[in-house]
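Trainee: Chains as they are written, first to last, in this note's numbering: chain A, 1 to 286; chain B, 287 to 562.
(1) Provide the residue span of the alpha helix (DSSP H) that contains residue 335 of chain B, from first to last.
(2) So residue 358 of chain B and residue 350 of chain B are in contact, right, with Cβ under 8 angstroms, and what is the actual spacing, rounded?
(3) Quick check: is the beta carbon of residue 398 of chain B nearer than 9 angstroms to any beta carbon in chain A?
(4) Should residue 294 of chain B be flagged as near chain A, meaning a C-beta pair shorter than 9 angstroms?
(5) Applying the criterion that 16 or more other CB atoms from any shown protein chain within 10 Å of the CB defines a buried residue, is residue 329 of chain B buried or exposed?
(6) Residue 434 of chain B: buried (16+ other C-beta within 10 angstroms of its C-beta) or exposed?
(7) To which residues does DSSP link residue 345 of chain B through a beta bridge?
(8) Using 8 angstroms for Cβ pairs, my map puts residue 365 of chain B next to residue 428 of chain B. What's the rounded Cβ distance?
(9) Show which residues of chain B have a CB atom less than 7 angstroms away from the CB atom of residue 264 of chain A.
(10) Using 9 angstroms as the limit for Cβ to Cβ distance, is residue 234 of chain A near chain B?
(11) Return the Cβ separation of residue 167 of chain A and residue 95 of chain A in integer angstroms, given the expectation that the two are a contact with Cβ distance under 8 angstroms.
(12) For residue 461 of chain B, count neighbouring C-beta atoms within 10 Å of its own C-beta (all shown protein chains included) and say buried if the count is 16 or more, exposed if not.
(13) In terms of residues, what are the limits of the alpha helix (DSSP H) holding residue 270 of chain A?
(14) Around the Cβ of residue 335 of chain B, are there at least 16 other Cβ atoms within 10 angstroms (buried) or fewer (exposed)?
(15) Which residue or residues does DSSP assign as beta-bridge partners of residue 351 of chain B?
(16) Measure the Cβ-Cβ separation of residue 222 of chain A and residue 402 of chain B and say whether it is below 9 angstroms.
(17) Just to make sure I have the definition right: I need the residues of chain A whose C-beta is within less than 8 angstroms of the C-beta of residue 488 of chain B. Which are they?
(18) Determine whether the Cβ of residue 522 of chain B lies closer than 9 angstroms to any Cβ atom of chain A.
(19) Please say whether residue 453 of chain B and residue 380 of chain B have beta carbons closer to each other than 9 angstroms?
(20) Which of the residues in the segment 75-105 of chain A, read from start to end, lie with their CB under 8 angstroms from any CB of chain B?
(21) Would you list, in chain order, the members of the segment 401-412 of chain B that have their beta-carbon closer than 8 angstroms to a beta-carbon of chain A?
(22) What number of angstroms, rounded off, separates the C-alpha of residue 118 of chain A from the C-alpha of residue 220 of chain A?
(23) Alpha carbon to alpha carbon, how far is residue 372 of chain B from residue 431 of chain B? Give it in angstroms, no decimals.
(24) Which residues in chain B have a C-beta closer than 7 angstroms to the C-beta of residue 139 of chain A? List them in chain order.
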């Protein structure tokens, strides 16, 4: 699919050279990049190179795409992990409190916030945060990467991609678990409420929550493209947007491929986490 | 009772947005691209420009009203293309099973592994900006959800007695799929399609915000936000109102989707929410 992207429009060379390039320049570029060979040969070469870790050369900077991605990837990982932690730190307690205090004012406020959070466009929230905390209050830096303070606004913006959905899922999962016999038994035995919630209920509600976190990781990586562009955060999201405007398609291909591999790896980790969370799955797979 | 209030408020908000999109020429006080440089960056003022003006003196309210047209149009048409495509793929995969199912679901999973916005950016970058290309891009990125959903439902429905009875009566595969399976899997598809309209509106706005959406002459909420980011310090209204328009529209669509889901399947009441 990644390979097919640049061939979608017919002639990929026309995407990479300027529109007023003379025909001989187009022909030379086509030959130099190997686009004049049969498609199946190009595909075979591409797969072979990718398998060896060679993602091609950036047309803009003339540097290996792999090296560019390696330079930028830590910033994206830092941002997405921070966003994930913020989302989990807010959504899990909010979802638990909503479930425990079902129908109360707290529940209503939390769920209205969750529904509203799902409707907020991330780029608008980012601009609002920049206006408030960067421009008017001047509390936090709004561009670039460096200190922990630089991370706050981009990570908070990005966390909203999953925060609302996660809070609602935690609430519904906890409601389901709190009605189970073993929770009633634990309470009847005099186990403390905190231990019932953390040790019995949350542990059993964890599988759908972990699943959602894994599935939504792709949305976080996608959201990072927008967040990094707004906050000039030097990650692979900004790299891909710059590459698109520079018609640097080897970089676009490389970033899409790497992001997809990260998503697959995260979901593999989620599958492994199931076994850690649920002894029945551990026994079945043993 | 409270859910009904939420439903009617959402429906009223959406109707108002829809009406402004349909009757933009009559409702907008100015043309979307009418410039008055002497009136540039005017703050909201009830006596003149209700929501203020932008950097070249264009009326924000008028541009919001015209912008609704593109946002809703793109959202609805993209879902109109991606939904039948995904339903067809899911139906065929679930009904045929074995190798057809395996091939179609592998293709679906491969696409699902690429974040939607990243795929949309890459596709629109290849196809070029413009309204038809944006719609095509969103359709290409949106079908997988329906395919997965319908495939799962089809696997369950095809083993039911009425399907076996239809087969025993000599009904062909196409007839069984279209007349017996499809009507029984369509309810969750409708719910997902409603949520998908909201997602498409945000996706279109994101592409426009990044400068990859429709042509610069066409007004969209995302493009208005992108233009306003240069004036965050001096003109808050340039970003506040287009963002609010997207927020209200998406919220109204999501709440209607919630209500529709509860109506079609009361067992899901209070669960995950917009699953898209």
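Positions of the beta carbon are idealized from the N, C-alpha and C atoms, including for glycine.
Please read these numbers as outputs of a predicted model, since none were measured by experiment.
Mentor: In short, the structure shows the following:
(1) That residue, residue 335 of chain B, is in no alpha helix (DSSP H); it is neither H nor E in DSSP.
(2) That belief does not hold up - the Cβ atoms of residue 358 of chain B and residue 350 of chain B are roughly 12 angstroms apart, past 8 angstroms.
(3) yes
(4) no
(5) exposed
(6) buried
(7) B:339
(8) 7 angstroms
(9) 399
(10) no
(11) 5 angstroms
(12) exposed
(13) 249-277
(14) buried
(15) Looking at the DSSP assignment, residue 351 of chain B forms no beta bridge with any residue, so it has no partner.
(16) yes
(17) 121
(18) yes
(19) no
(20) none
(21) 401, 402, 403, 404, 405, 407, 408, 409, 411, 412
(22) 13 angstroms
(23) 7 angstroms
(24) By Cβ distance, chain B contributes nothing, its closest Cβ being about 15 angstroms from residue 139 of chain A, past 7 angstroms.
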